[in-house]
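Converting from the sequence shown to the working numbering requires adding 837 to each position, the first position being numbered 1.
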Amino acid sequence: MKKSDVKAIRCFTPVIKNGKFAFNHTLTSVELAFTVKKIEHSAFSGCSNLKELIFSKNLKSIGDSAFSNCTSLEEITIPSSVKHIGASAFKDCKNIKTLNLPEGLKVIPQNAFENCVSLEKVHLPDSVEIIEESAFSGCINLKEITFSKNLSIIKDKAFKRCFGLKSVVFPESLSYIGDKCFELCKNLTSVVFNSKLSYIGGAVFPETPCLIPPICGTMFSSSFLLKSEYPLCPTVKVPCGVKNLALGFENTLDYKHRNDKKTCFAHIISLEEQKAKVFISEFYYSYTDRNDFLIENGKFDFNKYDSQFDRADQQEKPLVALYRLTYPENLKSDMKRNYENELRAKEFDAAMFAVEKNEEDALKYIVENCTLSTEDYTTLYETASKNKFANLQQILTQRKEKTGFEEIESFFSDIG
């Protein structure tokens, strides 16, 4: 009988060698006897009709890609004897619905369960400390993930394209969330951070819907500036211990303008000071060194913000200046002059930006400190009215009352 004709096997050899049964499309059942201790690289990779898999109770190690592309497997129960699972071990096993992982496993390896599209629930044993890159990426029907109580690190893209995820509660042990961890999780509506989190990487939640904050804890508050277009856009709270938000919330909610970097940012507001704000956006990369963060140990570094002003893109400088002048804490006189000079050259553009983003404080600063024409104020009011920003209309109306310009009076009367 040819090896390719075998449908069921029972293995006794201590080590299943590299590629031993790879791409055997007739194999439907595998039982590993108690003598089997190791499965090497790609041993059963591509066995597309393998439906039944019984592991040895003495198995120690499952190698890289050992069962990748075993597209008929529906249930995986890994014995407690297993301490190591290789990268991509069950990648592209598109029919796995049930996954039972053993206590004692410390690492979920890179791409281990990538594209297991039928997987709906995952419970990580409390021994797990690290989830490697893309471990569950592409598990599009994953609806529920229960994290280990000892989990400390989730690496890049670990849950990318997990469309079924609606809520995530991070354990208190978690300290690190890598880049793009939850990219394209389009149904994720609730994220609860812990108080010990110290690093949130770049673009962790891009193109997700609204993120609902936890209720308790001393936090930073990251509030998106898209509430006019997206009324459900709430405040997202992150721990005061976070030292870097990078692009953690880039493009969240903002599909329409995601190629316009002026719309891809959020505020960071220190709850202790209630004044410190900084753009977190694509321009963050051009304005700061990625390794030189503006928020450290729960405090905003005004001096660092000022020291890097010359590095800002020319088109962005007026906006950088506007926000610093709006929140002038610890602002030195020479830097204040620099900011004022930069803003003076682009007063109307900055004012329009403030109106389009419904930024009251920034608009108030411009109204009180800048010189705009009657036509400028008319255009600003018209934009605020179009966007139904009654708060901004009131600010501009107060400015009208101070100026007494007939043209503005006439326009405002027409608007009603």
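We treat Cβ as the ideally placed atom computed from N, Cα and C, and that holds for glycine.
Residue interval of the beta strand (DSSP E) (run including residue i)
{"i": "E889", "result": "E889 to I891"}
{"i": "K958", "result": "K958 to H960"}
{"i": "V1006", "result": "S1004 to V1006"}
{"i": "S1027", "result": "S1027 to V1029"}
{"i": "N937", "result": "T935 to N937"}
{"i": "A1188", "result": "From DSSP, A1188 is part of no beta strand (DSSP E) but of the alpha helix (DSSP H) over E1184 to E1193."}
{"i": "A845", "result": "A845 to C848"}
Contact set for residue i: own chain, Cβ-Cβ below 7 Å, skip 5 residues either direction
{"i": "L938", "result": "I915, L961 and P962"}
{"i": "F1185", "result": "L1209 and D1213"}
{"i": "I870", "result": "Going by the sequence as given, residue 870 is Ala instead of Ile. If we look at A870 and ignore the five residues flanking it on each side, its Cβ neighbours are R847, C848, F849 and S893."}
{"i": "D1198", "result": "T1163"}
{"i": "C953", "result": "F927, C930, K931, I933 and C976"}
{"i": "V1006", "result": "V1029"}
Whole-number beta carbon distance between residue j and residue i, since they are thought to touch under 8 Å
{"i": "L1162", "j": "L1180", "result": "7 Å"}
{"i": "E969", "j": "P946", "result": "5 Å"}
{"i": "F1000", "j": "I977", "result": "5 Å"}
{"i": "F881", "j": "C848", "result": "Rounded, the Cβ-Cβ distance is 10 Å, inconsistent with contact."}
{"i": "E940", "j": "S918", "result": "Wrong, their Cβ atoms sit about 11 Å apart, outside the cutoff."}
{"i": "S955", "j": "I982", "result": "Not confirmed; about 15 Å, so no contact."}
Chain E contact for residue i (CB, 7 Å cutoff)
{"i": "I846", "result": "Although the question refers to chain E, the structure presented lacks it and comprises just one protein chain."}
Residue range of the unbroken alpha helix (DSSP H) whose run includes residue i
{"i": "V919", "result": "Careful: V919 lies outside any alpha helix (DSSP H) and carries neither H nor E."}
{"i": "T1216", "result": "T1211 to K1223"}
{"i": "E981", "result": "It is not in any alpha helix (DSSP H) - E981 instead sits in the beta strand (DSSP E) that spans E981 to T983."}
{"i": "R1181", "result": "S1170 to R1181"}
{"i": "D1198", "result": "E1197 to N1206"}
{"i": "A1149", "result": "Premise fails: A1149 is in no alpha helix (DSSP H) and is neither H nor E."}
{"i": "F1139", "result": "F1139 to S1144"}
Sequence-distant residues of its chain with Cβ nearer than 8 Å to residue i (five each side left out)
{"i": "P1165", "result": "K1173"}
{"i": "K888", "result": "T865, S866, S909, L910 and E911"}
{"i": "K943", "result": "K920, S964, V965, E966 and I967"}
{"i": "N1096", "result": "Note that N1096 scores a pLDDT of 35, beneath 50, so its modelled location is shaky and nothing firm can be said."}
Cβ shell of residue i (< 6 Å), same chain only, five flanking positions each side left out
{"i": "E957", "result": "N978 and K980"}
{"i": "A859", "result": "S879, S882 and G883"}
{"i": "Y1121", "result": "For Y1121, the pLDDT reaches just 36, beneath the cut-off of 50, and the residue's location in the model is therefore unreliable, although a value from the coordinates is still provided. Answer for Y1121: no residue qualifies."}
{"i": "E1205", "result": "none"}
{"i": "K1255", "result": "What is shown of the chain runs 838 to 1253, which leaves residue 1255 out entirely."}
{"i": "N1167", "result": "F1139"}
{"i": "E868", "result": "R847 and I891"}
{"i": "K1093", "result": "With a pLDDT of 32 at K1093, under the threshold of 50, the predicted position of this residue should be treated as unreliable, and no value is reported."}
{"i": "K992", "result": "E969, E970 and G1015"}
{"i": "V852", "result": "K875"}
{"i": "T1220", "result": "V1192"}
{"i": "K1003", "result": "N1024 and T1026"}
{"i": "K857", "result": "A880"}
CB contact flag (residue i, residue j, <7 Å)
{"i": "F902", "j": "V873", "result": "According to the sequence provided, residue 902 is Ser. The question's Phe does not apply to it. No, the Cβ-Cβ distance between S902 and V873 is not below 7 Å."}
{"i": "I899", "j": "I876", "result": "yes"}
{"i": "R998", "j": "L1025", "result": "no"}
{"i": "K994", "j": "S971", "result": "yes"}
{"i": "A1182", "j": "I1203", "result": "no"}
{"i": "S1010", "j": "S989", "result": "yes"}
{"i": "A1158", "j": "Y1176", "result": "yes"}
{"i": "F1019", "j": "F996", "result": "yes"}
{"i": "N1195", "j": "F1226", "result": "yes"}
{"i": "S925", "j": "N895", "result": "no"}
Residue i: CB within 6 Å of a non-hydrogen atom of the ligand FAD
{"i": "N952", "result": "As for the ligand FAD, it is missing from this structure, which has no ligand bound."}
Complete runs of the beta strand (DSSP E) confined to the region 869-911 [at least 3 residues]: 889-891
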